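Visitor: Going by numbering that gives the first Met the number 0, the first residue of the sequence shown is number 0, and it counts up by one from there.
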Amino acid sequence: MAYVLDANVFMSAHRLHYGLDFCPAFWDWLVTNNQSGSVFSIEKVGDEIVAGDDALSEWAAQRGVGFFLRPDSSMFPSLAAVSTWATGQSYEQSAIATFLQVADYYVVAQALAGQHTVVTHEVPSASTRKIKIPDACIGLGIKCLTPFEMLRRERARFVLGGAP
Numbered sequence: 000m001a002y003v004l005d006a007n008v009f010m011s012a013h014r015l016h017y018g019l020d021f022c023p024a025f026w027d028w029l030v031t032n033n034q035s036g037s038v039f040s041i042e043k044v045g046d047e048i049v050a051g052d053d054a055l056s057e058w059a060a061q062r063g064v065g066f067f068l069r070p071d072s073s074m075f076p077s078l079a080a081v082s083t084w085a086t087g088q089s090y091e092q093s094a095i096a097t098f099l100q101v102a103d104y105y106v107v108a109q110a111l112a113g114q115h116t117v118v119t120h121e122v123p124s125a126s127t128r129k130i131k132i133p134d135a136c137i138g139l140g141i142k143c144l145t146p147f148e149m150l151r152r153e154r155a156r157f158v159l160g161g162a163p
């Protein structure tokens, strides 16, 4: 099973839980698991992060297309399915238009195309004003986890001074 990470996973980790300056093990874990093919994100998320002009943007710029995947032709049916789902719900027209223009749409489509699990800090919402990633995942039958759930499932360990 592979995980597709939303932008807020990186941004929250950098700003709150796993700063590059004090918890490099988290970032090493992402790179190692990306190299094994189990953790990645998409180009649009990478673009959002690189626009930040900070240490996180430098980290993201070093990852390249192996970490932040570009959309390819295999995604077209999934993009259409996600769009059809979004327009078939009771969301406000502005919510649908916004969703179809932002990275969230592509994160969900990438997960659908590859039968991956989405990782995000977003939570489901009953609001019709914004399409949240978990709501799209529920509607499309895609697994969706928080970063902490992913780390626990993968038994990530960030241990000082070596293994216990």
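Note that the Cβ used here is the ideal one computed from N, Cα and C, for glycine as well. Being a predicted model, the structure only gives us computed values, none of them experimental.
Please report the distance separating the alpha-carbon of Ile-95 from that of Glu-121.
Guide: The sequence position of residue 95 within the sequence shown is 96, counting from 1. The sequence position of residue 121 within the sequence shown is 122, counting from 1. So the alpha carbons of these two residues sit roughly 17 Å apart.
Visitor: Let's see if you can read the secondary structure: which residues bound the beta strand (DSSP E) around Ile-41?
Guide: The sequence position of residue 41 within the sequence shown is 42, counting from 1. That run of the beta strand (DSSP E) goes 38 to 41.
Visitor: Please look up how many angstroms separate the CB atoms of Val-106 and Val-3, rounded, as I've assumed it's under 8 Å.
Guide: The residue given as residue 106 occupies position 107 in the sequence shown. The residue given as residue 3 occupies position 4 in the sequence shown. Right, their Cβ atoms sit about 6 Å apart.
Visitor: Residues in its own chain within less than 6 Å of Pro-146 by CB, not counting five upstream and five downstream?
Guide: Position 147 of the sequence shown, counting from 1, holds the residue named residue 146. Excluding residues within five positions, the ones whose Cβ falls inside 6 Å are Val-8 and Val-118.
Visitor: Between Asp-103 and the rest of its own chain, which residues show a CB-CB distance below 6 Å, the 5 nearest in sequence each way excluded?
Guide: Against the sequence shown, residue 103 aligns to sequence position 104. Only Ile-132 meet the Cβ criterion.
Visitor: Should the stretch 31 to 38 be called in touch with the stretch 67 to 78, which here means at least 3 C-beta pairs below 8 Å?
Guide: Touching, no, given that fewer than three Cβ pairs across the two stretches are closer than 8 Å.
Visitor: Can you tell me whether DSSP reads Val-118 as helix, strand or coil?
Guide: Taking the first residue of the sequence shown as 1, we reach residue 118 at position 119. Correct three-state label for Val-118: strand.
Visitor: Any heavy atom of the ligand SAM closer than 8 Å to the beta-carbon of Leu-139?
Guide: Within the structure as shown, the ligand SAM is missing, as the structure has no ligands at all.
Visitor: Rounding to the nearest angstrom, what Cα-Cα distance links Leu-55 and Ala-24 in this structure?
Guide: Residue 55 sits at position 56 when you count from the first residue of the sequence shown. Residue 24 sits at position 25 when you count from the first residue of the sequence shown. Each residue's Cα considered, the two are about 14 Å apart.
Visitor: Given a threshold of 16 other Cβ atoms within 10 Å of its Cβ, counted over all protein chains shown, does Ile-137 qualify as buried or as exposed?
Guide: Looking up residue 137 in the sequence shown gives position 138. That one is exposed.
Visitor: Is the beta carbon of Met-10 closer than 9 Å to that of Ile-48?
Guide: As a working mapping, residue 48 is identified with position 49 in the sequence shown. As a working mapping, residue 10 is identified with position 11 in the sequence shown. Yes. Within cutoff.
Visitor: Does the Cβ-Cβ distance between Thr-116 and Ala-110 come in under 9 Å?
Guide: To locate residue 116, count along the sequence shown from 1; it is residue 117. To locate residue 110, count along the sequence shown from 1; it is residue 111. Cβ distance < 9 Å, so Thr-116 and Ala-110 count as in contact.
Visitor: Can you give me the C-alpha to C-alpha distance between Gln-61 and Glu-91, rounded to a whole angstrom?
Guide: Reading the sequence shown from its first residue, position 62 is the one you call residue 61. Reading the sequence shown from its first residue, position 92 is the one you call residue 91. Cα to Cα, Gln-61 sits roughly 38 Å from Glu-91.
Visitor: Taking Thr-127 as the reference, give the member of Gly-87, Gly-140 and Leu-139 with the closest Cα.
Guide: As a working note, residue 127 is residue 128 in the sequence shown. Comparing Cα positions, the closest option is Gly-87.
Visitor: Buried or exposed: which applies to Ala-112, given that a residue is buried once 16 or more other Cβ atoms fall within 10 Å of its Cβ?
Guide: Locating residue 112 in the sequence shown gives position 113, where the first residue counts as 1. Answer is buried; the Cβ neighbour count reaches 16.
Visitor: Counting only the same chain and skipping the five closest in sequence on each side, list residues whose C-beta sits under 7 Å from that of Ile-141.
Guide: For the purposes of this step, residue 141 is identified with residue 142 of the sequence shown, where counting begins at 1. Val-107, Ala-110, Leu-111 and Val-117, listed in sequence order.
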